[in-house]
Amino acid sequence: MKNKILVSLLLIAGGGLLTSCKEFLDYQPQGTLSADNIKSADNADALVTAAYASLGNGEMIGPIASMWVYGSVRSDDAYKGGGGVSDLEDINFYEQHNLTQPQQGGGFYHPYTWENYYKAISRANVALRSINDLTDAAFPLKKTRQAELRFLRGHAHFMLKMLFKFVPYIDETLTNEQILTKSNREFTNDQLWDKIATDFQFAVDNLPVSQSQVGRANKLSASAYLAKLRLYQAYEQDDNNKVTTINKDKLQQVVTLTQAVISSGKYSLQPDFAENFLPEYDNGVESVFAVQYSINDGTTVGRLNFEDGLNYPHGAPQYGCCGFHQPSQNLANAFGTDANGLPKFDTFNDAVIDFKTATVDPRVDHTIGIDGHPYKYNAASPFSSSWVRDPGVYGNFQAMKSQQLATSSSYKKQGPFMGVSKNIDIIRYADVLLFQAEAYIELGQQALALPLINQIRARAAVSTGRTKKADGTAASNYLIKPYTAANWTQAYARKALQFERRLEFATESPRFFDLVRWGIAAETLNAYITKEKTRRSHLSGAKFTAARDEYLPIPQREINFTKGLYKQNVGF
446 MKNKILVSLL
456 LIAGGGLLTS
466 CKEFLDYQPQ
476 GTLSADNIKS
486 ADNADALVTA
496 AYASLGNGEM
506 IGPIASMWVY
516 GSVRSDDAYK
526 GGGGVSDLED
536 INFYEQHNLT
546 QPQQGGGFYH
556 PYTWENYYKA
566 ISRANVALRS
576 INDLTDAAFP
586 LKKTRQAELR
596 FLRGHAHFML
606 KMLFKFVPYI
616 DETLTNEQIL
626 TKSNREFTND
636 QLWDKIATDF
646 QFAVDNLPVS
656 QSQVGRANKL
666 SASAYLAKLR
676 LYQAYEQDDN
686 NKVTTINKDK
696 LQQVVTLTQA
706 VISSGKYSLQ
716 PDFAENFLPE
726 YDNGVESVFA
736 VQYSINDGTT
746 VGRLNFEDGL
756 NYPHGAPQYG
766 CCGFHQPSQN
776 LANAFGTDAN
786 GLPKFDTFND
796 AVIDFKTATV
806 DPRVDHTIGI
816 DGHPYKYNAA
826 SPFSSSWVRD
836 PGVYGNFQAM
846 KSQQLATSSS
856 YKKQGPFMGV
866 SKNIDIIRYA
876 DVLLFQAEAY
886 IELGQQALAL
896 PLINQIRARA
906 AVSTGRTKKA
916 DGTAASNYLI
926 KPYTAANWTQ
936 AYARKALQFE
946 RRLEFATESP
956 RFFDLVRWGI
966 AAETLNAYIT
976 KEKTRRSHLS
986 GAKFTAARDE
996 YLPIPQREIN
1006 FTKGLYKQNV
1016 GF
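Numbered according to the numbering used here, the sequence shown spans residues 446 to 1017.
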């Protein structure tokens, strides 16, 4: 049983779906505790726990912890999957790009995601108002808990900004009436990044390096998150979402912040890549910050992640639902390696990879369910193409990272859907290494990035023990080697970094947001669609439009409720 933070209090902040901007921006956690009746340190601490709980309070139709819909399916990593294009058609709209609209199918997905993040922000603000009124003598942990709450609020605002670009910034100082006057265009793009950054900086300045309870934010996780924000901010965008310049000062901040994490010695790569995707290694040395889940904790079903519950092999008898989130042929091809054990940057997608003959990066068998290869490290039950729900539309692969075996102690089936208590990592140590490598490359110091990227590749090279077949042979022909200093130019290093992020985090969902940050989303995704639609006819009408599809539209119901105070994103 994992050591989760104050599990018995996690259900303090329940609550149903809300229908208006005012309601969710002024969201009051349901239960016996509120800002009005907090008079003790213990009760204030319980509200902090409720704020942590909100990180896992997304839904299948309004996810906030897993970004597979918004970051994986919208990229070149994965297809929607499921039972054809009309099955959860909202996700198909995102995959097609040109079908995405401000209000879709009753407001599922991005309107609910918007709502659920603002619920999380409201919980943090409720707790902050309560704690701010307590004295240090009455609540010795006051400054630490304030910093945790601002970290959580920073996370929610960051995710909203990454998804929607322009969003209203809401803090605990605002009254209900003032909240209703806050426009999503109060700040420029850069100003909004800076506003969110103040929460993470407060956390860096006021959190301890270590916390006694697993799952709480600390100084280093705040440093890593602030580094992530500054990296995103460094790629400055104009009003049409075009990257116009890369801010060197911000990149240097990324280097400084990541170095604090790296030099601390608190974090490292898990010895085996697989360990990032198995529940028994939750909160391990690679997990810098994660959404915490639990099972058998005294509640009815536990605090389970159901956001990925649609993504199990539909035809596998142990699951029976629902076959979503299928890796693309493009992604499968990207794992191929050349005779030197390196990625084929420019030619990887020329032909469909043959896993019987091609040499590949070992991470492919941790990421993609392939016919005849062990499924989720279970050699006794290899993946079968017969498990795929609609191969005629979406091909024969299945995502694996967020899934668990039905025999896992973390797994529970509720009706047709699956939930697991496996954490969702928001930032892994591998992220921190690659954040720093990226900053060095864009600063023209690419030689310093080489050993950082090679650390990731070295770990991948030895992560083959769990992927063997029942007879002890390797599932694929693994060949992966480190990059060398020869010809390690800035342009080559940039390609290597971008490819490494894709392979390391494939189907974990940062791919789309990386492409937008780098300013190459339109060219990359339209090239992907042009080729992929010759393999998958459901993409025949897909098109990514620059100055539109980099961000989700502001939900139309929020614009309607605010009588036009919220302004729609460009292109919608």
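Ideal Cβ placement from N, Cα and C applies to all residues, glycine included.
message = Taking 8 Å as the limit between beta carbons, can you name the residues of its chain near Thr558, skipping five residues before and five after?
response = Here residue 558 is taken as the residue at index 113 of the sequence shown, counted from 1. So the qualifying residues of the chain are Gly503, Gly507, Pro508, Ile509, Tyr515 and Leu608.
Spatial distance of Ile615 from Leu586 (CA atoms) = Here residue 615 corresponds to residue number 170 of the sequence shown, with the count starting at 1. Here residue 586 corresponds to residue number 141 of the sequence shown, with the count starting at 1. Computed Cα separation, rounded: 24 Å.
key: Those runs of the alpha helix (DSSP H) which lie wholly inside the region 752-801 and span at least 4 residues   = 774-779
message = With a threshold of 8 Å, are at least 3 pairs of Cβ atoms found where one atom belongs to the region 589-597 and the other to the region 639-650?
response = yes
key: Cross-strand partners of Ile813 (DSSP beta bridge)   = Within the sequence shown, numbered from 1, the residue matching residue 813 stands at position 368. In DSSP, Ile813 forms a bridge with Ala844.
When Gln682, Arg568 and Gln636 are compared against Asp490, the one with the closest alpha-carbon = Taking the first residue of the sequence shown as position 1, residue 490 is located at position 45. Checking every option, the nearest Cα to that of Asp490 belongs to Arg568.
Complete alpha helix (DSSP H) runs within the region 576-645 (minimum length 4 residues, chain order) = 587-609 and 621-624
key: Any 3 or more C-beta pairs closer than 8 Å across the region 679-686 and the region 747-761   = Contact between the region 679-686 and the region 747-761 is absent, because fewer than three Cβ pairs lie under 8 Å.
request  = Return the first residue and the last residue of the beta strand (DSSP E) that Asn899 is part of.
outcome  = The residue you call residue 899 lines up with position 454 of the sequence shown. Asn899 -> not in any beta strand (DSSP E); alpha helix (DSSP H) instead, spanning Gln891 to Ala906.
key: Proximity of Gln548 and Phe538 at Cβ, strictly below 8 Å   = By one-based count along the sequence shown, residue 548 stands at place 103. By one-based count along the sequence shown, residue 538 stands at place 93. Not a contact, by the Cβ cut-off of 8 Å.
task = Return the CA-CA distance between Ser773 and Glu617, expressed in angstroms with no decimal places.
result = If you number the sequence shown from 1, residue 773 lands on position 328. If you number the sequence shown from 1, residue 617 lands on position 172. The alpha-carbon atoms of Ser773 and Glu617 are separated by roughly 43 Å.
task = Output the boundary residues of the alpha helix (DSSP H) element that contains Thr689.
result = Reading the sequence shown from its first residue, position 244 is the one you call residue 689. Run containing Thr689: none in the alpha helix (DSSP H); it sits in the beta strand (DSSP E), Val688 to Ile691.
Integer Cβ distance of Ala967 from Ala991, believed to fall under 8 Å = One-based indexing of the sequence shown puts residue 967 at position 522. One-based indexing of the sequence shown puts residue 991 at position 546. Yes, Ala967 and Ala991 are in contact; Cβ-Cβ is about 4 Å, under 8 Å.
query = According to DSSP, what are the bridge partners of Arg873?
reply = As a position in the sequence shown, residue 873 is number 428, starting the count at 1. According to DSSP, which records beta bridges pairwise, Arg873 is partnered with Ser732.
ask   = Sorted by chain position, which residues of the same chain lie with C-beta nearer than 6 Å to Arg675's C-beta, five sequence neighbours on each side aside?
value = Numbered from its first residue, the sequence shown carries residue 675 at position 230. Result list for Arg675: Lys695, Gln698 and Val699, in chain order.
key: Reduced DSSP secondary structure (H/G/I, E/B, other) of Leu478   = Numbered from 1 along the sequence shown, position 33 holds the residue referred to as residue 478. Residue confidence is low: Leu478 scores 49 on pLDDT, short of 50, so the model does not pin down where it sits. Its coordinate-derived value is still stated next. In the displayed model, Leu478 falls within coil according to three-state DSSP, outside both helix and strand.
ask   = For Ser732, which residues of its own chain have a beta-carbon under 6 Å away from its beta-carbon, when the five flanking residues on both sides are left out?
value = Mapped onto the sequence shown, residue 732 falls at position 287. For Ser732, where only same-chain residues beyond five positions count, the Cβ hits under 6 Å are Asp870.
key: C-alpha gap between Lys1008 and Asn629, whole angstroms   = Locating residue 1008 in the sequence shown gives position 563, counting from the first residue. Locating residue 629 in the sequence shown gives position 184, counting from the first residue. C-alpha separation (whole angstroms): 13 Å.
inquiry  = Does Ser709 come out as helix, strand or coil in the three-state DSSP assignment?
reply    = Start at 1 with the first residue of the sequence shown, and residue 709 comes out as number 264. Helix, per DSSP.
message = Report the start-end ranges of each beta strand (DSSP E) in the region 475-555 that is 3 residues or longer and not cut off at the edges.
response = 523-526
inquiry  = Helix, strand or coil for Ser831? Go by DSSP, reduced to three states.
reply    = Locating residue 831 in the sequence shown gives position 386, where the first residue counts as 1. Three-state DSSP puts Ser831 in a helix.
task = Please name the residue, chosen from Glu631, Asp795 and Tyr670, that lies closest to Tyr874 on a Cα-to-Cα basis.
result = The residue labelled residue 874 in the question sits at position 429 within the sequence shown. Looking at the Cα atoms, Tyr670 is the closest of the given residues.
ask   = Roughly how many angstroms separate the alpha carbons of Thr812 and Ala672, rounded to a whole number?
value = Here residue 812 refers to the residue found at position 367 of the sequence shown. Here residue 672 refers to the residue found at position 227 of the sequence shown. Their Cα atoms are separated by approximately 27 Å.
request  = My understanding is that Glu540 touches Val571, with C-beta atoms under 8 Å, so please give their C-beta distance in whole angstroms.
outcome  = The count along the sequence shown starts at 1 and reaches residue 540 at position 95. The count along the sequence shown starts at 1 and reaches residue 571 at position 126. That belief does not hold up - the Cβ atoms of Glu540 and Val571 are roughly 37 Å apart, past 8 Å.
key: Own chain partners of Phe958 with C-beta closer than 6 Å, once the 5 adjacent residues on each side are dropped   = Locating residue 958 in the sequence shown gives position 513, where the first residue counts as 1. The answer, listed in chain order, is Gly516 and Met607.
task = Would you check if the region 825-845 and the region 802-816 touch, i.e. whether three or more CB-CB distances between them fall below 8 Å?
result = yes
query = Could you give the residue range of the alpha helix (DSSP H) that holds Gln935?
reply = In the sequence shown, the residue the question calls residue 935 occupies position 490. Unbroken alpha helix (DSSP H) run through Gln935: Gln935 to Glu949.
task = Using beta-carbon positions only, say whether Phe584 and Asp644 come within less than 8 Å of one another.
result = Stepping through the sequence shown from its first residue, residue 584 is reached at position 139. Stepping through the sequence shown from its first residue, residue 644 is reached at position 199. In this structure, Asp644 does not lie closer than 8 Å to Phe584 by Cβ.
ask   = What is the residue span of the beta strand (DSSP E) that Gln682 lies within?
value = In the sequence shown, residue 682 corresponds to position 237, counting from 1. Element bounds for Gln682: Tyr680 to Gln682.
Residue from Arg993, Asn778 and Ala784 with nearest C-alpha to Pro927 = Translated into the one-based positions of the sequence shown, residue 927 becomes position 482. Shortest Cα-Cα distance from Pro927 to any of Arg993, Asn778 and Ala784 involves Ala784.
request  = Work out the CA separation of Thr804 and Tyr712 for me, nearest whole Å.
outcome  = For the purposes of this step, residue 712 is taken as the residue at position 267 of the sequence shown. For the purposes of this step, residue 804 is taken as the residue at position 359 of the sequence shown. Going by the C-alpha atoms only, they are around 31 Å apart.
Bridge-paired residues (DSSP) for Thr804 = Indexing the sequence shown from 1 puts residue 804 at position 359. DSSP lists Asn922 as partners of Thr804.
Own chain, CB closer than 7 Å to Gly529, minus 5 neighbours either side, in chain order = Mapped onto the sequence shown, residue 529 falls at position 84. Only Asp835 and Val838 meet the Cβ criterion.
ask   = Name the DSSP bridge partner or partners of Phe862?
value = On the sequence shown, position 417 is the one that residue 862 refers to. Answer is Gln859.
message = Give me the residue from Lys610, Ala486 and Ala679 with the minimum Cα distance to Val1015.
response = Taking the sequence shown and counting its residues from 1, the one referred to as residue 1015 is at position 570. Residue Lys610 is the option with its Cα nearest to Val1015.
request  = Compute the beta-carbon to beta-carbon distance between Pro556 and Pro1000, rounded to the nearest angstrom, for a pair I have assumed lies under 8 Å.
outcome  = The residue you call residue 556 lines up with position 111 of the sequence shown. The residue you call residue 1000 lines up with position 555 of the sequence shown. The Cβ separation is near 4 Å, so the contact holds.
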